[in-house]
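Novice: Numbering-wise, the sequence shown is residues 56 to 263 according to this note's numbering. Quick one: structure below, then a few questions.
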Amino acid sequence: MIKAINLTHYYNKDKALENINLEINKGEFVCLIGESGSGKSTLLSNLSTLLKPTSGDIFYEETNYKNIKNIDSFRKENIGFIFQFHYLINYLTIKENIKLANEKASDDDISTFLNSLGINDLKNKYPTEISGGQRQRASIARALINNPKVIFADEPTGNLDSQNSQKVFEMFKDLSKKGTTIIVATHDKNLAQIANKIYEVKDGKINK
């Protein structure tokens with residue numbers, strides 16, 4: 056589903072990634088693990104179209120990213136994003152934040168995702184009225200509401216306790232079994248064991 060060939064990325068003169076080659080199949084749950092500064096978040100950002108590589112190629116279902124004319128439409132139709140920092144809009148309720156990502160979603164659809172994350176009772180609250188961990192779970196529901204083909208998550212459990220972190224990764228596992236491709240950057244090696252495939256990123260290179 057996603058293939059990277061000789062992927063290299065520089066920040067000015069600093070090399071963050073060097074000749075990355077990998078393939079991710081449909082329905083796989085993949086974790087990119089590594090210490091801070093290893094390059095795992097840069098790799099995730101390149102694979103998810105948020106960054107353009109300095110050199111090399113990335114393919115999505117055999118289409119080169121370089122040939123995608125409307126990247127915003129491509130993201131909306133295919134990709135869900137989950138970040139360590141939730142980026143919810145404070146003047147909208149949790150339900151309204153999720154609805155913004157998919158105007159066609161029914162209240163029942165939204166409640167289903169919020170229930171699975173244990174926060175349906177907070178749907179009429181504002182982000183400033185709930186905890187950081189609850190906001191993160193709301194952002195996960197927002198990413199899932201479009202039923203994306205691929206979910207990219209950068210340290211999605213950074214603000215969650217161990218129990219809720221486990222629940223989120225088990226949810227990712229269930230989604231992958233249903234055909235959604237999941238790609239997560241995390242420093243938590245224990246949580247990463249739930250994934251189908253693990254790539255260790257170190258000094259801008261990967262070890263499978």
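A virtual CB, placed ideally from N, CA and C, is assigned to each residue, including glycine.
1) Enumerate, from N- to C-terminal direction, the unbroken alpha helix (DSSP H) stretches of 4 or more residues contained entirely within the region 118-156.
2) List the whole-angstrom C-beta distance separating Lys95 from Glu78, where the pair is believed to meet the contact cut-off of C-beta under 8 Å.
3) Which residue comes first and which comes last in the beta strand (DSSP E) that contains Ser110?
4) For Glu158, count neighbouring Cβ atoms within 10 angstroms of its own Cβ and tell me buried if that reaches 16, exposed if not.
5) Please name the residue, chosen from Tyr115, Asn145, Asn170, Gly89, that lies closest to Lys204 on a Cα-to-Cα basis.
6) Rounded to whole angstroms, what is the Cα-Cα separation between Asn245 and Gln221?
7) Taking DSSP as the reference, what is the three-state secondary structure of Ala196?
8) Please name the residue in Ile149, Asn145, Ile153 whose C-alpha comes closest to that of Leu177.
9) If you draw a straight line from the C-alpha of Asn119 to the C-alpha of Glu184, how long is it?
10) Look at the Cβ atom of Gly270, then the Cβ atom of Ser93, and state whether they are nearer than 9 Å.
11) Report the start-end ranges of each alpha helix (DSSP H) in the region 164-223 that is 4 residues or longer and not cut off at the edges.
12) Let me check understanding here. Comparing Cα to Cα, which of Lys107, Asp229, Ile238, Ile75 lies closest to Pro211?
13) Drop a sphere of 10 angstroms on the beta-carbon of Ser103, count the other beta-carbons inside from all chains shown, and report buried for 16 or more, exposed for fewer.
14) Using the rule of at least 16 other Cβ atoms within 10 Å of the residue's Cβ for burial, across every protein chain shown, is Ser217 buried or exposed?
15) Following the continuous beta strand (DSSP E) through Ala247, name the residue where it begins and the one where it ends.
16) Take Lys208 and list the residues in its own chain whose beta-carbon comes closer than 6 Å to its own, dropping the five residues that flank it on each side.
17) If we ignore side chains and look at the alpha-carbon of each, how far apart do Ile75 and Asp162 end up?
18) Taking three-plus beta-carbon pairs below 8 Å as touching, is the region 166-173 in contact with the region 187-205?
19) Where does the unbroken beta strand (DSSP E) through Thr97 begin, and where does it stop?
Specialist: This is what the structure holds:
1) 126-133, 149-156
2) For the purposes of this step, residue 95 is identified with residue 40 of the sequence shown, where counting begins at 1. For the purposes of this step, residue 78 is identified with residue 23 of the sequence shown, where counting begins at 1. The Cβ separation is near 17 Å, so there is no contact.
3) Here residue 110 is taken as the residue at index 55 of the sequence shown, counted from 1. Segment 110-115, the beta strand (DSSP E) holding Ser110.
4) On the sequence shown, residue 158 is found 103 positions in, with the first residue counted as 1. So Glu158 ends up on the exposed side.
5) Here residue 204 corresponds to residue number 149 of the sequence shown, with the count starting at 1. Ranking the options by Cα distance to Lys204, first place goes to Tyr115.
6) Within the sequence shown, numbered from 1, the residue matching residue 245 stands at position 190. Within the sequence shown, numbered from 1, the residue matching residue 221 stands at position 166. Roughly 10 Å between the two C-alpha positions.
7) Taking the first residue of the sequence shown as 1, we reach residue 196 at position 141. Residue state, collapsed to three classes: helix.
8) In the sequence shown, residue 177 corresponds to position 122, counting from 1. For Leu177, the nearest C-alpha among the options comes from Ile149.
9) One-based indexing of the sequence shown puts residue 119 at position 64. One-based indexing of the sequence shown puts residue 184 at position 129. Rounded to whole angstroms, Asn119 to Glu184 spans 43 Å at the Cα level.
10) With the chain running from 56 to 263 in the structure shown, residue 270 is simply not present.
11) Fully enclosed alpha helix (DSSP H) runs of 4 or longer: 187-199.
12) The sequence position of residue 211 within the sequence shown is 156, counting from 1. Measuring from the Cα of Pro211, the nearest candidate turns out to be Ile238.
13) On the sequence shown, position 48 is the one that residue 103 refers to. Looking at its Cβ environment, which holds 16 or more other Cβ atoms inside 10 Å, Ser103 is buried.
14) Here residue 217 corresponds to residue number 162 of the sequence shown, with the count starting at 1. By the neighbour-count rule (16 or more Cβ atoms within 10 Å), Ser217 is not buried but exposed.
15) In the sequence shown, the residue the question calls residue 247 occupies position 192. From DSSP, Ala247 is part of no beta strand (DSSP E) but of the alpha helix (DSSP H) over 244-247.
16) As a position in the sequence shown, residue 208 is number 153, starting the count at 1. In the sequence as displayed, the identity of residue 208 is Ala instead of Lys. Correct list, in chain order: Ile137, Val239.
17) Position 20 of the sequence shown, counted from the start, is the residue given in the question as residue 75. Position 107 of the sequence shown, counted from the start, is the residue given in the question as residue 162. Distance between the alpha carbons of Ile75 and Asp162: 42 Å.
18) yes
19) The residue you call residue 97 lines up with position 42 of the sequence shown. Careful: Thr97 lies outside any beta strand (DSSP E), inside the alpha helix (DSSP H) at 95-102.
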